[in-house]
Amino acid sequence: MSGPDVTRGSRGSLIGGGALLLVVALLAAVVPYVVTLGALPSLVMLFALVILGTTWNLLAGYGGMVSVGQQAYVGVGGYALIQLADAVGAPPWAAVLAAGLIGGLIAVPTSYLVFRLAGGYFAIGTWVVAEVFRLVTMQADGLGGGSGLSLTAFRGTDRVERVAFVYWFALALMVAVVLGTYLLMRSRVGLGLTAIRDDRVAASSLGVAVDRGRRLVYVAGSAGAALAGALIALNTLGVTPGSIYSVNWTAAMIFIAVVGGLGTIEGPLVGAILYWVLQQTLAPLGTWYLVVLGAVAVAVVLLAPRGLWGLLAGRFQLFPTTYRAHPVVVSGTVAPQPGR
Amino acid sequence: MPLLQVAGVAKRFGRVVTARDVSFDVAAGEALGLVGPNGAGKTTLLDIVAGTQRADAGRVVLDGHDVTRLGAAARAGRGVARSYQVPRPFAELTVYENVLVGASFAGRKHTGRTASRHSRAQAWHALEVAGMTEAANTPSGSLRLLDRKRLEVARALATGPRLLLLDEIAGGLSESELPQIVSLVRHLRDDGVAVVWIEHVLHALLDVVDRLLCLAAGEVIAQGDPHEVIRSPEVAEVYLGSTVESTRDPSPGPTSEGERA
């Protein structure tokens, strides 16, 4: 039994991927030296937004789970970072990674709770869970109650050194999360997840372990949200329960994923940049900022149901996850196979 | 030992009985036709064999192993594949990707470095058997009915099944399209795959099956040689409804098959 010729992606994907690599290289090697020191933390926020959007997209766009409660894990990540860095004394980079791990671990038992709910009930249920996390955090001893915690691990560190470290570390994490998501969705597991999203019953009939797949997505997505939360706390040097557990984080994730393009790797990148630009330029306008955000979201949903990425790129993929199969050419030369 | 043994299976939804003490066997490589009026419980029975629904009582035994408590995915891994009456393609995926899901999960026979090569070849082979290689890169959401039905079969086939459960794959097709589907099923049966086939298009069914089982109101009323079963007075009664004594409420009530459409 001989197989087909399978291609994944096109020459365009290679060129686009190269361009993206160049952008990352510029962000790493040039940008920190040409912008002001004050601009770096806002770029860190952009990287955190990319992580948030990417992981929410993993949940909703690939797992079919619309959660309104991912701020639960943003909060867990933020608090875990400060506790690990200050109380335990872990180096900040290790504390961030461990905070992501803790978010993932907490998501395991939580998944058994929220997976009992379907559709709209799942959405509301996850929000309730996030509120419970916030209330428990405020009641717990040593977590600062309603006023939160400040990060003290950086005291005595030079400001330039601190900001530069956080910037590079956040950039590396963002690249790792996007790349990890891409590799996951390109793999066999990713194919199974896409099948689950499109038709859960048919997927199980073809041998896809539906419950395990959804749990994997939920845990991975929550670990990602916790990583972002830890980065945000590292960037702002503190957390308060009101802000780090704010439902606004999830609102931002939804905006980023839906406006950018649900179910694509590229969409959340586009969405995060748009959200961040709007945030930067409209912040002085106060409430009007929210009005504009809402108007943009409505316009995109109505005019470009596949999101901005779908509108701009059609079916083109920078991160090719699809397969194209053709009969094997028996005679003559076989064209080189880009992508694999 | 038969490949599939269904023993004393019972299932009810509220007051509607869709299976009552249903027992039958299917030998390896045998094709069994499943007929009966709408609401007789045919699709429910297929669901129970495939593991998409749990029976209230009774056992499902596959190749000597009791699989009653296993879920659909685990049974698919043991060689049970099914098609759905209303096709359920993964609409965002292409035809090839749809089939690849079956080949890389339930149909995964190899592990390690060569696994994905084997899965790809297996998926392609299923498309070849179903005559769908031309449409390999078409988004499955845009297929016409005949191709959706063929994709259902191709996808099931890609799992490398020992038992194939087909739910009305000929329904809704034109007379000119029927022979393609019939010859596909016959080809599979001749390849040694056991088939359980629900079909209202009787002449298509009788062309292929070795044995026929007739269900009415959740009970087996006849099984055996296809032509004898069709001619038996009990079967004529339930189909023509002359002197049938209803075993359930006079009101028609929801039927598992009607609800699925």
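From first to last, the protein sequence lines stand for chains W and F.
Residue numbering for the first sequence follows the working numbering, beginning at 351 and increasing consecutively.
Residue numbering for the second sequence follows the working numbering, beginning at 47 and increasing consecutively.
Quick reminder that beta carbons are idealized off the backbone N, C-alpha and C, glycines included.
Item to complete: Evaluate contact between the region 234-241 of chain F and the region 57-64 of chain F, counting only Cβ atoms and requiring at least three cross-stretch pairs below 8 Å.
Response: Using a C-beta cut-off of 8 Å, the region 234-241 of chain F makes no contact with the region 57-64 of chain F, since fewer than three inter-stretch Cβ pairs fall below that distance.
Worksheet item: Among all the DSSP beta bridges, which residues are the ones paired with threonine 357 of chain W?
Response: In the first sequence, counting from the first residue as 1, residue 357 of chain W sits at position 7. The partner list for threonine 357 of chain W (beta bridge, DSSP) reads W:Arg674.
Item to complete: Express the C-alpha separation of arginine 538 of chain W and glutamine 51 of chain F in angstroms, rounding to a whole number.
Response: Mapped onto the second sequence, residue 51 of chain F falls at position 5. Mapped onto the first sequence, residue 538 of chain W falls at position 188. Those two C-alpha atoms are separated by around 33 Å.
Item to complete: Just mark lysine 88 of chain F as buried or exposed, buried being the case when its beta carbon has 16 or more other beta carbons within 10 Å.
Response: Taking the first residue of the second sequence as position 1, residue 88 of chain F is located at position 42. Looking at its Cβ environment, which holds 16 or more other Cβ atoms inside 10 Å, lysine 88 of chain F is buried.
Worksheet item: Residues of chain F with a CB under 9 Å from the CB of threonine 544 of chain W: which are they?
Response: Counted from its first residue, the first sequence places residue 544 of chain W at position 194. Chain F residues near threonine 544 of chain W: Phe136, Glu138, Leu139, Glu143, Val147.
Item to complete: Report buried or exposed for aspartate 491 of chain W, applying the criterion of at least 16 other Cβ atoms within 10 angstroms of its Cβ.
Response: Against the first sequence, residue 491 of chain W aligns to sequence position 141. Label assigned to aspartate 491 of chain W: exposed.
Fill in: Contact list for threonine 160 of chain F against chain W, beta-carbon separation under 8 Å
In the second sequence, counting from the first residue as 1, residue 160 of chain F sits at position 114. Residues of chain W passing the Cβ test: none, with the nearest at roughly 11 Å.
Fill in: Same chain, Cβ closer than 6 Å to alanine 435 of chain W, neighbours up to 5 away in sequence not counted
By 1-based counting over the first sequence, the position of residue 435 of chain W is 85. In the same chain as alanine 435 of chain W, and ignoring 5 residues on each side of it, the C-beta atoms closer than 6 Å to its own belong to Pro442, Ala445, Ala503, in chain order.
Discussion item. Report the start-end ranges of each alpha helix (DSSP H) in the region 489-553 of chain W that is 4 residues or longer and not cut off at the edges.
Written reply: With a minimum length of 4 residues, the continuous alpha helix (DSSP H) runs that stay inside the region 489-553 of chain W are 509-536, 538-548.
Discussion item. Pull the bridge partners of phenylalanine 59 of chain F from the DSSP assignment, please.
Written reply: For the purposes of this step, residue 59 of chain F is identified with residue 13 of the second sequence, where counting begins at 1. Answer is F:Val62, bridged to phenylalanine 59 of chain F.
Worksheet item: Are at least three pairs of beta-carbons, each pair with one atom in the region 474-482 of chain W and one in the region 554-567 of chain W, less than 8 Å apart?
Response: They do not touch, by the three-pair rule.
Item to complete: Decide if glycine 506 of chain W is buried, meaning its Cβ has at least 16 other Cβ atoms within 10 Å, or exposed.
Response: If you number the first sequence from 1, residue 506 of chain W lands on position 156. Exposed.
Fill in: Environment of serine 392 of chain W [buried if 16+ CB atoms lie within 10 Å]
Along the first sequence, one-based indexing puts residue 392 of chain W at 42. Burial call: exposed.
Fill in: Cβ-Cβ distance between valine 247 of chain F and alanine 216 of chain F below 7 Å
Counting from one through the second sequence, the residue named residue 247 of chain F turns up at place 201. Counting from one through the second sequence, the residue named residue 216 of chain F turns up at place 170. Taking 7 Å as the Cβ cut-off, valine 247 of chain F and alanine 216 of chain F qualify as a contacting pair.
Discussion item. Am I right that isoleucine 94 of chain F and lysine 57 of chain F are in contact with their C-beta atoms under 8 Å? What's the rounded C-beta distance?
Written reply: In the second sequence, counting from the first residue as 1, residue 94 of chain F sits at position 48. In the second sequence, counting from the first residue as 1, residue 57 of chain F sits at position 11. Right, the Cβ-Cβ distance comes to about 6 Å (below 8 Å), so this counts as a contact.
Item to complete: Would you kindly work out how many angstroms separate the C-alpha atoms of aspartate 67 of chain F and glycine 425 of chain W, rounded to a whole number?
Response: In the second sequence, counting from the first residue as 1, residue 67 of chain F sits at position 21. In the first sequence, counting from the first residue as 1, residue 425 of chain W sits at position 75. Distance between the alpha carbons of aspartate 67 of chain F and glycine 425 of chain W is about 55 Å.
Practice prompt. Taking aspartate 236 of chain F as part of the alpha helix (DSSP H), name the residues at either end of that continuous run.
Written response: Position 190 of the second sequence, counted from the start, is the residue given in the question as residue 236 of chain F. DSSP places aspartate 236 of chain F inside the alpha helix (DSSP H), whose first and last residues are 224-236.
Discussion item. I'd like to know whether the C-beta of glycine 657 of chain W is nearer than 7 Å to at least one C-beta of chain F.
Written reply: Locating residue 657 of chain W in the first sequence gives position 307, counting from the first residue. Closer than 7 Å: no.
Discussion item. Please identify the residue among W:Trp406, W:Gly367, W:Leu632 whose C-alpha is closest to the C-alpha of methionine 603 of chain W.
Written reply: The residue labelled residue 603 of chain W in the question sits at position 253 within the first sequence. Of the candidates W:Trp406, W:Gly367, W:Leu632, the one whose C-alpha sits nearest the C-alpha of methionine 603 of chain W is W:Trp406.
Worksheet entry | isoleucine 456 of chain W, enclosing alpha helix (DSSP H) - first and last residue | For the purposes of this step, residue 456 of chain W is identified with residue 106 of the first sequence, where counting begins at 1. Per DSSP, isoleucine 456 of chain W belongs to the alpha helix (DSSP H) from 442-464.
Worksheet item: Quick one: is methionine 47 of chain F buried, meaning 16 or more other Cβ sit within 10 Å of its Cβ, or exposed?
Response: Numbered from its first residue, the second sequence carries residue 47 of chain F at position 1. Per the 10 Å Cβ criterion, exposed.
Fill in: Ordered list of beta strand (DSSP E) runs contained in the region 146-184 of chain F, each at least 3 residues
Complete beta strand (DSSP E) runs here, min 3: none at all.
Worksheet item: Closest by CA to threonine 671 of chain W, which one among W:Thr531, W:Ala389, W:Tyr462?
Response: Looking up residue 671 of chain W in the first sequence gives position 321. Taking each of W:Thr531, W:Ala389, W:Tyr462 in turn and checking the Cα distance to threonine 671 of chain W, the smallest one comes out for W:Thr531.
Item to complete: Grab me the residues of leucine 523 of chain W's own chain with a C-beta within less than 8 Å of its C-beta, minus the 5 sequence neighbours each way, in chain order.
Response: The residue given as residue 523 of chain W occupies position 173 in the first sequence. Once the five neighbours on either side are set aside, the close Cβ partners of leucine 523 of chain W are Phe397, Ile401, Val446, Leu577, Leu581.
Discussion item. Using 8 Å for Cβ pairs, my map puts alanine 161 of chain F next to tyrosine 142 of chain F. What's the rounded Cβ distance?
Written reply: Position 115 of the second sequence, counted from the start, is the residue given in the question as residue 161 of chain F. Position 96 of the second sequence, counted from the start, is the residue given in the question as residue 142 of chain F. Their Cβ separation, rounded to whole angstroms, is 17 Å, which puts alanine 161 of chain F and tyrosine 142 of chain F out of contact at 8 Å.
Worksheet item: Below 7 Å between beta carbons: does that hold for glutamine 421 of chain W and serine 593 of chain W?
Response: Residue numbering aside, residue 421 of chain W sits at position 71 when the first sequence is read from its first letter. Residue numbering aside, residue 593 of chain W sits at position 243 when the first sequence is read from its first letter. No.
Worksheet item: Is arginine 166 of chain F close to chain W, meaning its C-beta is less than 7 Å from at least one C-beta of that chain?
Response: The sequence position of residue 166 of chain F within the second sequence is 120, counting from 1. Yes, because at least one Cβ of chain W sits closer than 7 Å to the Cβ of arginine 166 of chain F.
Worksheet item: Do tyrosine 429 of chain W and valine 641 of chain W have their CB atoms nearer than 7 Å?
Response: Within the first sequence, the letter at position 79 stands for residue 429 of chain W. Within the first sequence, the letter at position 291 stands for residue 641 of chain W. With respect to the 7 Å criterion, tyrosine 429 of chain W and valine 641 of chain W are not classified as neighbours on the basis of their beta carbons.
Discussion item. To test your reading of the DSSP string, which unbroken alpha helix (DSSP H) runs of 4 or more residues are found completely within the region 89-136 of chain F?
Written reply: Counting only runs of 4 or more, we get 118-123.
Worksheet item: If you measure beta-carbon to beta-carbon, which residues of the region 546-579 of chain W are closer than 8 Å to chain F?
Response: Flagged, chain order: Arg547, Asp548, Asp549, Val551, Ala552, Ala553, Ser554, Ser555, Leu556, Gly557, Val558, Ala559, Val560.
Item to complete: Pull up the distance between the alpha-carbon of proline 133 of chain F and that of phenylalanine 666 of chain W, whole angstroms please.
Response: Residue numbering aside, residue 133 of chain F sits at position 87 when the second sequence is read from its first letter. Residue numbering aside, residue 666 of chain W sits at position 316 when the first sequence is read from its first letter. Each residue's Cα considered, the two are about 28 Å apart.
Fill in: Residues sharing a beta bridge with phenylalanine 666 of chain W, DSSP
As a first step, residue 666 of chain W must be located in the first sequence, where it is residue number 316. As far as DSSP is concerned, phenylalanine 666 of chain W takes part in no beta bridge.
Worksheet item: Quick one: any contact between the region 248-256 of chain F and the region 76-88 of chain F, if contact means 3 or more CB pairs under 8 Å?
Response: Segments in contact, yes.
Discussion item. Just verifying my parser: in three-state terms, what is the DSSP assignment at serine 69 of chain F?
Written reply: Reading the second sequence from its first residue, position 23 is the one you call residue 69 of chain F. Three-state result, serine 69 of chain F: strand.
Worksheet item: Exposed or buried, what is arginine 547 of chain W when buried is set at 16 or more other beta-carbons lying within 10 Å of its beta-carbon?
Response: Here residue 547 of chain W corresponds to residue number 197 of the first sequence, with the count starting at 1. Counting every other CB atom within 10 Å of its CB across the protein chains shown gives arginine 547 of chain W a total of 16 or more, marking it as buried.
Worksheet item: Does the Cβ-Cβ distance between glycine 453 of chain W and alanine 573 of chain W come in under 7 Å?
Response: The sequence position of residue 453 of chain W within the first sequence is 103, counting from 1. The sequence position of residue 573 of chain W within the first sequence is 223, counting from 1. The Cβ atoms of glycine 453 of chain W and alanine 573 of chain W sit closer than 7 Å to each other.
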